[in-house]
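Student:
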Amino acid sequence: MTNFSEAKEEVKKAADIVEVIGQYVDLKKRGQNYIGLCPFHSERSPSFTVNQSKQIYHCFGCGRGGDVFTFWMEYHNLDFSQSLKDLAERYNIPLPQKRDLYADRKKVELKEELFKITDLAARYFHSILLKSPNGKAGRDYFSRRHISQETIAQFRLGYALNKWDGLLHYLRSKNCSLDRAAKAGLLVPKGSEEYYDRFRGRIIFPIFDLNRHCIGFGGRILDDSLPKYINTPETPIYHKGYSLYGLDSAFEDIRKRDLAIIVEGYMDMLVLRQHGISNVVASLGTALTSDQIRRLKGYTKNVIVLFDPDDAGRGAALKSFPLFLNEGISAKVAVLPQGEDPDSFVNKHGSDTFKKLLKRAAPIFDFYLDQTLANMGHGIDGQIKALSEVLPVFMDLGQGPTRFLYVHRFAEKSGINEAIIWEELRHHSNTSHLKSRFSETQNTRKYGSDLQFFNLLLHYPENIDTFKDKEWELIVSDPEIIAIIKVIMEKFPSEGNLDRIEEFLDSPVEKEQLRVSLMSQPFYSEESVSQAVSEFEKKIAKVKVSQSIRKASAEGDMEMVNRLIRKKQDLDSR
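As numbered in numbering that gives the first Met the number 0, the sequence shown has no gaps in its residue numbers, which increase by one up to the final residue, 573.
(1) Mind checking who Asp196 pairs with in its DSSP beta bridge?
(2) Looking at Ile92 and Ala159, is the spacing between their C-beta atoms short of 7 angstroms?
(3) Can we say the region 226 to 236 touches the region 183 to 201, given the rule of at least three CB pairs closer than 8 angstroms?
(4) Could you check what DSSP says for Pro278 in three-state terms: helix, strand or coil?
(5) Using DSSP with H/G/I as helix, E/B as strand and the rest coil, what is Thr401?
(6) Measuring only the C-alpha atoms, how far is Asp380 from Ile363?
(7) If you follow the alpha helix (DSSP H) that Asn346 is part of, which residue opens it and which one closes it?
(8) When you compare only the Cα positions, how much space is there between Val49 and Asn210?
(9) Tell me the rounded alpha-carbon separation between Glu111 and Ser80.
(10) Which first and last residues belong to the alpha helix (DSSP H) in which Cys265 is found?
(11) Indicate the three-state DSSP secondary structure (helix, strand or coil) for Phe306 in the structure shown.
(12) Run through the DSSP bridge pairs and tell me what Phe216 is partnered with.
(13) According to DSSP, which residues form a beta bridge with Asn301?
(14) Which ranges would you report for the beta strand (DSSP E) in the region 107 to 173 if only whole runs of at least 3 residues count?
(15) Please tell me whether Lys469 and Ile539 are closer than 7 angstroms, where the distance is taken between their beta carbons.
(16) Would the region 111 to 123 and the region 207 to 221 be scored as touching if the rule is three or more Cβ pairs under 8 angstroms?
(17) Let me know the secondary structure DSSP gives Asn374 once reduced to three states.
(18) Short of 8 angstroms in beta carbon distance, which residues of its chain neighbour Gln593, apart from the five on each side in sequence? Order them along the chain.
(19) Report yes if the CB atom of Asn325 is closer than 7 angstroms to the CB atom of Leu258, and no otherwise.
(20) Nearest-angstrom Cα distance between Leu100 and Leu83?
(21) Near Ala593, which residues of its chain fall below 7 angstroms by C-beta distance, leaving aside the five closest residues on each side in sequence?
(22) Return helix, strand or coil for Tyr367, following the three-state DSSP convention.
(23) Is the separation between the beta-carbon of Val392 and that of Ala361 shorter than 7 angstroms?
(24) Would the beta-carbon of Ile480 fall within 7 angstroms of that of Phe453?
(25) Run through DSSP, which three-state label would Thr352 get?
(26) Near Cys37, which residues of its chain fall below 7 angstroms by C-beta distance, leaving aside the five closest residues on each side in sequence?
(27) Where DSSP assigns a beta bridge to Tyr244, which residues make up the other side?
(28) Would you check if the region 194 to 201 and the region 157 to 174 touch, i.e. whether three or more CB-CB distances between them fall below 8 angstroms?
(29) Closest to Leu225 by C-alpha separation, out of Phe320, Leu243, Asp365 and Arg201, would be which residue?
(30) For Pro362, which beta-bridge partners are listed by DSSP?
(31) With burial defined as no fewer than 16 other Cβ atoms inside 10 Å of the residue's Cβ, what is the status of Asp569: buried or exposed?
(32) Tell me which residues share the same chain as Gly134 and place their Cβ nearer than 7 angstroms to its Cβ, disregarding the 5 neighbours each side in the sequence.
(33) Taking the C-alpha atoms as reference points, what is the distance between Ile260 and Lys12?
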């Protein structure tokens, strides 16, 4: 294989889009397409559509779509270069070694350099912990917390010296750019040209992506000073709301066991791993995000969440409930005894007792309702507040049995008459429905004919040449559709393959419109195509005659006007 264009096409042929996406989304066949819940936004009714024959996907809810490379890039938060490499490796397709894969090569080079710098930093912190006399404080800490040498090695744990320039001097000795190290979140700028270490006097937890690149760090202080934890800030390679600590070494076990356990802290995750609980990840000490939950969806739809039994832990669980619900995840909450966290509990009681605790985990909806009702107080005022709190959640559930069961459960727990809850839901639903229908009707009136013409060209491209020189723009008003048809007319002969149209489009709106139309069923059967072509030709002719009538009328040429009117009447009668 001599060039990347050929390599890309070879990978695209091998990586069937239904097979690839089906590993992360539960797809069901519907007509010529496959549908499922979108992995990129929260929804209860499936609007994510995959077309196997055209090898594209599109979500009618959030508008995201593209080919198998686009999906891999967006789902795994990777650039095109890495996505091509991943898929090529998966399907055993060799790639050329020397060629610029990316139009924006500087962006790729920056990421590669940041990976090298963060990996060097991880090696440095790990070496300080294991070998330096000044790393004794870190070694003592891990010893007190019963962290083994095997765990320290597996997760490359480290220690940052309590100095302003320990890492700085090390990186400088390795000829690393200090500016790049600052971009990686390791150094903090001081003035125009000076820097100092971000992590000082802290236990270090390196964070890895699925390719085992070190992308960032968490740091825990050893005394009682604040902040207790600091993390790498947002960088070109690290996004806190997307990453999960330990996912790189847990995803296979999560998939195998069809269950993910989520804890809050780094130490919680490490201690559980050390006790043989291999399908556990940590949320990096922050509230869970939709992106983190969607990442887990690629491996399982069953999650148990362990939050500390304090106000902060309960609050985090409450905030996470709507996220799990909207993502279609079957989540449960395991409640730890007061004063315990996963770390202390498993060290005190062992892994068998911990597993029994997991088996008693309660559905997160019950936990959510109990906590919501407890927080709102008693009496009518409390009921009103609770209803206001849960209505938006019920609205997101759609019209299926899940909403019915949850509404019934809430009515039982709150003492609110179920009929009142349904009436409130109907009031909210009708308002949203009317807005949606009005918008849909307006768009259909405005662009219905445009879509029909566009659909004809896409599904029966042998008719492209028929309209090339017939002023087709007279009958199309949607600017996005006009732009796409122009590309079709200019780039593709009637016998050509239309699969590559998207490569010639610049606007995301145009690309979305194209995918939607490609996903749609043909408006016309093969038997009715010729009649449709004639109708569109007649429509173009009528518009041209109408324009001529207006021109002749403006010039006062009534004889011409009458002649054109008769011509228009003749067209109408055909």
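Here a beta-carbon is modelled for each residue, glycine too, at the ideal position from N, C-alpha and C. Only a predicted model underlies this, so the values are computations on that prediction, with no experimental measurement involved.
Tutor: Let me spell this out:
(1) Note: Asp196 sits in a beta bridge opposite Leu186.
(2) Not a contact, by the Cβ cut-off of 7 angstroms.
(3) yes
(4) With the sequence shown as reference, residue 278 is identified as Asn, and Pro is not the correct amino acid for it. Coil.
(5) In the three-state reduction of the DSSP assignment, Thr401 falls in the helix class.
(6) Asp380 and Ile363 have their alpha carbons spaced roughly 25 angstroms apart.
(7) Counting along the chain, the alpha helix (DSSP H) containing Asn346 begins and ends at Pro341 to His348.
(8) 27 angstroms
(9) 11 angstroms
(10) Rather than Cys, the amino acid found at residue 265 in this sequence is Tyr. Note, Tyr265: alpha helix (DSSP H), Tyr265 to Gln273.
(11) Three-state result, Phe306: strand.
(12) Pro205
(13) Ser329
(14) Taking 3 residues as the shortest admissible run, the region 107 to 173 contains the following complete beta strand (DSSP E) segments, listed from N- to C-terminal end: 157 to 159.
(15) Yes.
(16) The answer is yes - the region 207 to 221 touches the region 111 to 123, with three or more Cβ pairs under 8 angstroms.
(17) helix
(18) Because residue 593 is not part of the residues shown, which for the chain are 0 to 573, the question remains open.
(19) No, the Cβ-Cβ distance between Asn325 and Leu258 is not below 7 angstroms.
(20) Confidence at Leu100 is low in this model, with a pLDDT of 48, below 50, so its placement is unreliable and the value that follows should be read with caution. Their Cα atoms are separated by approximately 9 angstroms.
(21) The displayed coordinates of the chain run from 0 to 573. Any statement about residue 593 would go beyond what the structure contains.
(22) helix
(23) No.
(24) yes
(25) Thr352: helix per DSSP, three-state reduction.
(26) Ser46, Phe47, Cys58, Gly60 and Cys61
(27) Ala281
(28) yes
(29) Arg201
(30) According to DSSP, which records beta bridges pairwise, Pro362 is partnered with Lys331.
(31) exposed
(32) Sequence-distant partners of Gly134 (beyond 5 residues in either direction) whose C-beta falls short of 7 angstroms from its own C-beta, in its chain, are Ile127, Leu128 and Tyr158.
(33) 37 angstroms
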